[in-house]
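K.L.:
Each residue of the sequence shown is one higher than the one before, counting from 35 in this note's numbering. For glycine and all other residues, C-beta sits at the position ideal for the given N, C-alpha and C. In this text the structure is predicted, and so the values were computed from the model without any measurement. This structure is in structure tokens; I'll ask about it shortly.
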Amino acid sequence: MERRSVERLPARLQARLFYGNMIYSGIVANLSEKGMFICTRINFPIDSVFVVIVLRNGQTFKFPVKVRRFTKSNNNHYGCIEESGIGVELLNTPQDYLEFINKCKFSGESILKD
Numbered sequence: 035m036e037r038r039s040v041e042r043l044p045a046r047l048q049a050r051l052f053y054g055n056m057i058y059s060g061i062v063a064n065l066s067e068k069g070m071f072i073c074t075r076i077n078f079p080i081d082s083v084f085v086v087i088v089l090r091n092g093q094t095f096k097f098p099v100k101v102r103r104f105t106k107s108n109n110n111h112y113g114c115i116e117e118s119g120i121g122v123e124l125l126n127t128p129q130d131y132l133e134f135i136n137k138c139k140f141s142g143e144s145i146l147k148d
């Protein structure tokens, strides 16, 4: 079984996925400095690259992501209410996002609601 190089934090944050000329919505179920799992009903192609905006308490984080995997099941994956989602790698991660993650890790600040 593959082990992650960084710890994932449970979350429940609104996300907007900008793929081609379409905008989709999703919910970030967990995140880290290097990636996240986004609950969405859209099956994006593996290795596709697009922009994601994550919203939290008036803060907005915007970055390109690369799809590494997708799941489609009837079970609630990471607390998702949707039936599927995507695991993405963050590309060109902004400094304010990294600071946000570190603050949550070390202060215990909850990211389970937006």
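List the endpoints of the continuous alpha helix (DSSP H) containing residue 123.
P.N.:
Not the alpha helix (DSSP H): residue 123 falls in the beta strand (DSSP E), residues 118-124.
K.L.:
For residue 78, collect the residues of the same chain with a Cβ closer than 6 Å to its Cβ; drop the 5 residues on either side in sequence, then sort them by chain order.
P.N.:
The answer, listed in chain order, is 101, 120.
K.L.:
Can you say whether residue 55 is buried or exposed, counting buried as having 16 or more other CB atoms within 10 angstroms of its CB?
P.N.:
Residue 55 is exposed by the Cβ-count criterion.
K.L.:
Where do the ends of the alpha helix (DSSP H) carrying residue 141 lie?
P.N.:
First-last of the alpha helix (DSSP H) with residue 141: 129-141.
K.L.:
Can you list, in chain order, the residues of its chain with a C-beta nearer than 8 Å to that of residue 35? Leave out the 5 residues immediately preceding and following it.
P.N.:
Because residue 35 carries a pLDDT of 47, less than 50, the predicted location of this residue cannot be relied on, and the following value inherits that uncertainty. Around residue 35: no qualifying Cβ.
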